Amino acid sequence: MAREFGVSRSSVFNAMEQAQAFGVRIQAVRGKGYRLPHAIDWLDSGFLNRRLTSLIGNVELYLHSSLDSTNTWLLDRLEDNPGTRICCAEHQTGGRGRRGRSWRSALGGGLTFSLAQRFETGMAALAGLSLVAGVGVAQAINRHLPVPVGLKWPNDLVVGVRKLGGILVEVRGDLDGAAHVVIGVGLNVHLPANVREDIEQAVVDLEELGLSVGRNVLLADILISLHETLTRFRREGFSGLRDEWQALDAYRGKTVKLLRPDGSSLSGIEVGVDEAGSLLLDEGAGGVSRHLGGELSMRLAI
Ligand code: BTN
Numbered sequence: 017m018a019r020e021f022g023v024s025r026s027s028v029f030n031a032m033e034q035a036q037a038f039g040v041r042i043q044a045v046r047g048k049g050y051r052l053p054h055a056i057d058w059l060d061s062g063f064l065n066r067r068l069t070s071l072i073g074n075v076e077l078y079l080h081s082s083l084d085s086t087n088t089w090l091l092d093r094l095e096d097n098p099g100t101r102i103c104c105a106e107h108q109t110g111g112r113g114r115r116g117r118s119w120r121s122a123l124g125g126g127l128t129f130s131l132a133q134r135f136e137t138g139m140a141a142l143a144g145l146s147l148v149a150g151v152g153v154a155q156a157i158n159r160h161l162p163v164p165v166g167l168k169w170p171n172d173l174v175v176g177v178r179k180l181g182g183i184l185v186e187v188r189g190d191l192d193g194a195a196h197v198v199i200g201v202g203l204n205v206h207l208p209a210n211v212r213e214d215i216e217q218a219v220v221d222l223e224e225l226g227l228s229v230g231r232n233v234l235l236a237d238i239l240i241s242l243h244e245t246l247t248r249f250r251r252e253g254f255s256g257l258r259d260e261w262q263a264l265d266a267y268r269g270k271t272v273k274l275l276r277p278d279g280s281s282l283s284g285i286e287v288g289v290d291e292a293g294s295l296l297l298d299e300g301a302g303g304v305s306r307h308l309g310g311e312l313s314m315r316l317a318i
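If you read the sequence shown in the numbering used here, its first letter stands for residue 17, the second for the next number, and so on.
In structure tokens:
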């Protein structure tokens with residue numbers, strides 16, 4: 017490698033160290049060199065651009081090796097044109113999750129991307145949008161997996177109680193003027209043990225579930241599905257997609273606990289969502305209560 021790239025052996029060693037810091041597993045074989053026990057299936061901008069422009073039309077795709085966060089990158093570059101802008105990164109240094117958490121993945125071991133669109137209707141008409149994003153992503157993944165992926169309100173992608181992916185929706189704009197929406201999706205494709213150890217909840221990745229396609233085909237299908245779902249949302253609102261969300265609901269009928277940021281909680285049976293995407297919780301004698309997404313988190317009550 018040193019000869020091929022015209023650098024010193026210590027530069028190769030440093031590069032290998034850096035790659036491991038990005039979450040890539042590298043084996044050093046004495047007397048031979050380095051080996052990737054798990055080859056990376058890199059994203060291909062040519063393939064993605066061809067697939068997306070033929071099916072979405074007015075789309076701009078930005079593919080980066082490393083970024084702080086694809087959501088932040090698009091939020092810093094909002095434009096007033098009516099098309100779809102997509103930003104993907106092989107690695108994020110500051111991936112963000114809901115409720116101030118971080119999103120961890122290894123270089124080339126996940127899908128981390130964001131999609132930006134402009135909505136003329138203003139923020140008030142966007143109720144349920146983050147749930148709709150989950151529907152678009154889950155339906156596309158389910159075409160390529162032998163086991164069904166479900167949704168955990170508001171928009172986590174789960175298999176059983178293990179998390180496969182998450183969605184972070186961020187909105188900028190006025191209450192009734194135009195609004196810019198950035199939908200960020202993080203999916204575990206191949207989560208190496210060192211990254212898994214840093215995540216404080218049960219997780220699962222697409223490879224262990226038996227994903228039947230490569231990252232490029234999956235990403236293109238998810239983006240097309242997400243785009244179609246957003247187009248329907250513009251026409252029909254959340255109520256037009258409510259049944260599809262409920263068909264994917266992995267926690268329906270289960271006894272759950274809703275946690276508020278101040279540490280308080282309430283329990284009940286999860287009985288689906290209303291026409292605006294608020295969670296419906298059957299509290300028994302207390303009746304059925306409605307809860308808006310935002311800062312809430314849901315757990316199985318044990
Ligand atoms: C969550 O489950 O809390 C949401 C996670 C969302 C992570 C994705 S990765 C791509 C995009 N860029 C970010 O910084 N976050 C989202």
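C-beta atoms are modelled at their ideal positions from N, C-alpha and C, and glycine is treated no differently.
This structure is a prediction, so every number in the text was calculated from the model and none was measured.
With residue i as the anchor, note down where its alpha helix (DSSP H) starts and where it stops.
i      : result
His243 : 231 to 252
Ser61  : 61 to 71
Met32  : 25 to 37
Ser146 : 145 to 158
Arg212 : 209 to 212
Val90  : Note that residue 90 is Leu in the sequence shown, not Val. Unbroken alpha helix (DSSP H) run through Leu90: 86 to 91.
Within the continuous beta strand (DSSP E) that includes residue i, where are the two ends?
i      : result
Thr100 : 100 to 108
Asn204 : 195 to 204
Glu186 : 178 to 189
Leu79  : 75 to 83
Val175 : 172 to 175
Arg306 : 304 to 307
Arg7   : Beyond the ends of the chain as shown, which are 17 and 318, falls residue 7; an answer cannot be given.
Have a look at the options and flag the residue whose alpha-carbon is nearest the alpha-carbon of residue i.
i      : options                        : result
Val163 : Gln262, Arg258, Ala266         : Ala266
Gly230 : Ala55, Ala18, Arg51, Arg19     : Ala55
Val219 : Glu252, Gly181, Leu234         : Gly181
Ala141 : Gly166, Gly193, Val45, Gly124  : Gly193
Arg41  : Gly125, Ser283, Ala18          : Gly125
Leu295 : Leu275, Gly279, Ser280, Ala301 : Leu275
Gly110 : Gly166, Gly47, Phe129          : Phe129
Gly200 : Arg250, Asp84, Arg66           : Asp84
Leu282 : Ala263, Arg268, Trp261, Val304 : Val304
Leu235 : Arg93, Cys104, Met139, Gln36   : Cys104
Leu308 : Pro170, Gly47, Arg268, Ile238  : Pro170
Arg268 : Gly166, Leu191, Gly73          : Gly166
Let me know the secondary structure DSSP gives residue i once reduced to three states.
i      : result
Glu20  : helix
Leu282 : strand
Ala266 : coil
Thr137 : coil
Arg114 : helix
Arg258 : helix
Gly300 : helix
Leu52  : coil
Residue j and residue i - do their beta-carbons sit closer together than 8 Å?
i      : j      : result
Leu71  : Val153 : no
Leu173 : Gly113 : no
Asn87  : Val198 : yes
Ala31  : Leu90  : no
Leu68  : Leu77  : yes
Leu227 : Leu161 : yes
Thr271 : Ala209 : no
Ala18  : Val28  : yes
Requested in this report: Kindly confirm or deny that the segment 198 to 210 and the segment 221 to 229 touch, where touching means at least three C-beta pairs closer than 8 Å.
Outcome: yes
Requested in this report: Count the CB pairs spanning the segment 115 to 125 and the segment 145 to 159 that are closer than 8 Å, and state whether there are at least three.
Outcome: no
Query - Three CB pairs or more closer than 8 Å across the segment 273 to 287 and the segment 309 to 317 - result: Segments in contact, yes.
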